[in-house]
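Undergrad: Structure in structure tokens, see below.
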Amino acid sequence: MTTPPPGPSRTVKVMALVISILCGLVAALIAFTLSRHLEATALQALTYSAGSFLAVAAFARSVQGSLGLL
Numbered sequence: 026m027t028t029p030p031p032g033p034s035r036t037v038k039v040m041a042l043v044i045s046i047l048c049g050l051v052a053a054l055i056a057f058t059l060s061r062h063l064e065a066t067a068l069q070a071l072t073y074s075a076g077s078f079l080a081v082a083a084f085a086r087s088v089q090g091s092l093g094l095l
């Protein structure tokens, strides 16, 4: 009987989390810029960017979890 391959190292896990955070930050910046361009107030723009950050970071983390990186 063969043994299963070892899981990802700690470095790979940290890099995967950093990548998901950076994806969320890019989405937040795009949402903020686009909403300000469309004449949203500053509070609305921050709300849109926070929601985009949470959604994209959570999605990236779930994809990485499905791929076995976390």
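Every letter in the sequence shown is one number past the one before it in my numbering, and letter 68, counting from 1, is 93. Note that beta-carbon positions come from the ideal geometry of N, C-alpha and C, so glycine has one too. What you are looking at is a predicted structure, and each value in this text was computed from that prediction instead of being measured.
(1) Go through its chain and collect everything with a Cβ distance to G40's Cβ below 8 angstroms, but skip five positions before and after it.
(2) Would S77 and A56 be called neighbours here (beta carbons separated by less than 8 angstroms)?
(3) Could you tell me whether the segment 63-79 touches the segment 43-54, using the rule of 3 or more Cβ pairs below 8 angstroms?
(4) Would you please state the rounded distance, in angstroms, between the beta carbons of L71 and P33? I believe it to be under 8 angstroms.
(5) Assuming I44 and A75 form a contact by the criterion Cβ under 8 angstroms, report the distance between their Cβ atoms to the nearest whole angstrom.
(6) Mind checking which residues open and close the alpha helix (DSSP H) that includes T58?
(7) Does A53 pass the burial test, meaning 16 or more other C-beta atoms within 10 Å, or should it be called exposed?
TA: Checking against the coordinates, here is how it stands:
(1) Gly is not the amino acid found at residue 40; the sequence shown has Met there. So no residue of the chain qualifies.
(2) Going by C-beta atoms, S77 is nearer than 8 angstroms to A56.
(3) Note that the segment 63-79 touches the segment 43-54; at least 3 beta-carbon pairs, one per stretch, sit closer than 8 angstroms.
(4) Contact between L71 and P33 does not hold, since the beta-carbon distance rounds to 34 angstroms and is not under 8 angstroms.
(5) Contact flag wrong, Cβ pair sits at about 20 angstroms.
(6) It spans R35 to H62 - the alpha helix (DSSP H) in which T58 sits, taken as one unbroken run.
(7) So A53 ends up on the buried side.
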